[in-house]
Ligand code: PXG
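Numbering (our numbering), first residue to last: 1346 to 1805.
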């Protein structure tokens, strides 16, 4: 076989060693061991190669994170140079370093002006862990220590650690290892599945008003913040109706509840704006960030704070009792800096907004708007979801929608494209450097996978 990489061991050998020692994410490990995981060995641009030499167009940016695609030499060079210069130092002993300083300056030049400070973490989950303690600290400092409760949403996703999964609304995750106190949930704004007879506008308002009802039920004096993804990612790439965010913002302001946007997926250009809350037109008090911050080349996340919160913590807060060994790690910071510079200076975010984003949305609608299997297409920028429907006129979903979506994803892999399945929706979020030609290939291979699924479902 003529492989575009050097393979040190055979696929089966790798699989057996993996099965012997490694617990994977969100999978029945026994079933995976029997099947043998795919061994990915190389990435370049939007493409991945497995150990059998099969090439895939990665329509999911890894896990929504490789904004610049794979194999960028400038990012590797930034990491190597930083490792040579200062491979590690911490933020504990009254010290800092140029990489993290320059990253923060650049980050805030890209953010709206009412944000001023960031607490760096290594992941999105950690950003949301830090969020809970930080907003509670804020309320302590401003004299309202009883404001402790965080409200999240059912089917929201905020990470896998204990508190982050509690903020999220994936019940099967709560069942593994428990919940934490002082967290509550409201419904998700998933009109296609749950909107019933209501128009999207009515349903969006109805879902938002649940927040008001929940705040009143718990007592506004006890509620610290509301956390949500501007659009749900892992939960199915669900866009709320337009009426949703203005009403949520009004309620948070009225009851003095902090509005906490989880931008882990939406941030860094995915929607064609730098941050998804800018696309949806609201002003959060905090932003959880990760993934696209480094294009996935190295782990890094953070919690961005508005001036209002940062001023209180800095001016009146005294000691902030939090810190991670790797907060603001110099190598991660150097990679993030190079990544953000490339996204800005190569006009990549602007191209998503003005060219490739509208192009993807257009070709998806040309191909799928009248497809017998697809009831709804949502998305903007380089982000889209296709909703499977058994009966488009009544929005009836297939009883086995999960299995069909999984099957469609498997067909995708066979066709050489990686798309994601969740609960009867197929999702794509390709790297922001995707060309029109690559987007054509993404949509064409997705069409073949969806057609093959439609045949199984009796729709073609
Ligand atoms: N918030 C959001 C909105 C996320 O999507 C996290 C926090 C946690 O980030 P870390 O870096 O701790 O993983 C995420 C992660 C999927 C999928 O299948 C999505 C994520 C992770 C794993 C799978 O869509 N998002």
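Note that CB positions come from ideal geometry on N, CA and C, so glycine has one too. The structure presented is a predicted model; accordingly, all values stated were derived computationally and were not measured.
| Query | Result |
| --- | --- |
| Check whether residue 1636 and residue 1398 have beta carbons under 8 Å apart | no |
| The alpha helix (DSSP H) enclosing residue 1495, as first and last residue numbers | It is not in any alpha helix (DSSP H) - residue 1495 instead sits in the beta strand (DSSP E) that spans 1494-1498. |
| Three-state class that DSSP yields for residue 1619 in the structure shown | coil |
| C-beta contact flag for residue 1733 and residue 1740 at 8 Å | no |
| Heavy atom of the ligand PXG within 7 Å of residue 1673 beta-carbon | no |
| C-beta atoms of residue 1649 and residue 1788 nearer than 8 Å | no |
| Where residue 1405 falls, given that 16 or more other Cβ within 10 Å makes a residue buried | buried |
| Any non-hydrogen atom of the ligand PXG closer than 7 Å to residue 1530 Cβ | no |
| Reduced DSSP category for residue 1348 - H, G, I as helix; E, B as strand; rest coil | coil |
| Rounded separation between residue 1704 and residue 1776 - CA only | 14 Å |
| Alpha-carbon spacing of residue 1723 relative to residue 1765, whole angstroms | 14 Å |
| Euclidean distance between Cα positions of residue 1759 and residue 1563 | 50 Å |
| Local Cβ density within 10 Å of residue 1433, reported as buried at 16 or more and exposed below that | exposed |
| Pair within 8 Å by beta-carbon distance, residue 1472 and residue 1647 | yes |
| Inter-residue Cα distance where the pair is residue 1622 and residue 1628 | 7 Å |
| Minimum C-alpha distance to residue 1401 - residue among 1632, 1353, 1447 and 1383 | 1383 |
| Three or more C-beta pairs below 8 Å linking the region 1705-1713 and the region 1667-1683 | no |
| When 1701, 1612, 1389 and 1770 are compared against residue 1631, the one with the closest alpha-carbon | 1612 |
| Buried versus exposed call for residue 1430 [16 or more other C-beta atoms within 10 Å across all chains shown] | exposed |
| Through-space distance from residue 1642 to residue 1528, alpha-carbon basis | 33 Å |
| Reduced DSSP secondary structure (H/G/I, E/B, other) of residue 1384 | coil |
| Own chain partners of residue 1582 with C-beta closer than 6 Å, once the 5 adjacent residues on each side are dropped | 1730 and 1772 |
| Span of the alpha helix (DSSP H), counted from its first residue to its last, around residue 1454 | 1443-1455 |
| Spatially closest choice to residue 1795 from 1778, 1746 and 1782, by CA coordinates | 1746 |
| Own chain partners of residue 1475 with C-beta closer than 8 Å, once the 5 adjacent residues on each side are dropped | 1464, 1466, 1648 and 1667 |
| Exposed unless 16 or more other CB atoms sit within 10 angstroms - verdict on residue 1800 | exposed |
| Cβ neighbour criterion (16 or more within 10 Å) applied to residue 1491 | exposed |
| Per DSSP, the bridge partner or partners of residue 1650 | 1462 and 1631 |
| Cutoff 6 Å; reference residue 1535; Cβ partners in own chain excluding five residues on either side | 1583 |
| Per-residue DSSP class, three states only, for residue 1625 | helix |
| Span of the beta strand (DSSP E) around residue 1530 | 1528-1531 |
| Pairwise C-alpha distance: residue 1439 and residue 1422 | 29 Å |
| Secondary structure of residue 1552, DSSP reduced to three states | helix |
| For residue 1570, the three-state DSSP class (helix, strand or coil) | strand |
| Candidates 1553, 1550 and 1609: closest to residue 1577 by CA position | 1609 |
| Residues near residue 1737 by beta carbon distance below 6 Å, same chain, minus five either side | 1720 |
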